[in-house]
Amino acid sequence: MTRILTATDDKVTRVTRAVTRQARMFTTPTRVKFKRGTSGDQTVFELVTADRPGLLSRVGQIFIDQGINIRSAKIMTIGERAEDVFDISDLSGRALTEAALNSLADSLRDKLDRNNK
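Residues 495 to 611 in my numbering are what the sequence shown lists, from first letter to last.
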């Protein structure tokens, strides 16, 4: 994962697998939830969305675009739904501001829901 996340765009392998017929039957809208981490210097981010090939790659690219550092991640797939929890911070190691949270949520919903159709 580190190799992919640190690669330049022309070095990243694109996911070309199609979403299965069964998975296309389900439409799980992207939901995001944020809360302050127990240490106060991180943000806990919960993502629920439709599972699909390349999902984590898309989420990772959004994190890179938004300048977000992943401290830890718990990835879980339940049927057609991905339920992931990330401990994140800005690149300085601080919890995300309200503006950064709003920008991240909008970007995730836009890119994940648009690509889920």
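No residue lacks a Cβ here, since even glycine has one placed at the ideal position from N, Cα and C.
For clarity, every value in this text was computed on a predicted model and none was experimentally measured.
Please name the residue or residues paired with GLU540 in a DSSP beta bridge.
GLU540 is bridged to LYS527, VAL579.
Exercise. With contact counted as at least three CB pairs below 8 Å, one residue from each stretch, are the region 526-546 and the region 570-584 in contact?
Worked result: Contact between the region 526-546 and the region 570-584 is present: 3 or more CB-CB pairs across the two stretches fall below 8 Å.
Notebook entry, point to check: Which value, in whole angstroms, describes the spacing of the CA atoms of ALA567 and ARG588?
Noted result: In a straight line, the C-alpha of ALA567 is about 17 Å away from that of ARG588.
Requested in this report: Out of ASP581, LYS605, ARG603, state which residue places its alpha-carbon closest to the alpha-carbon of PHE528.
Outcome: Out of ASP581, LYS605, ARG603, the CA that lies nearest to the CA of PHE528 is found in ASP581.
Looking at LEU590 and LEU598, is the spacing between their C-beta atoms short of 9 Å?
-> The answer is yes: Cβ separation under 9 Å.
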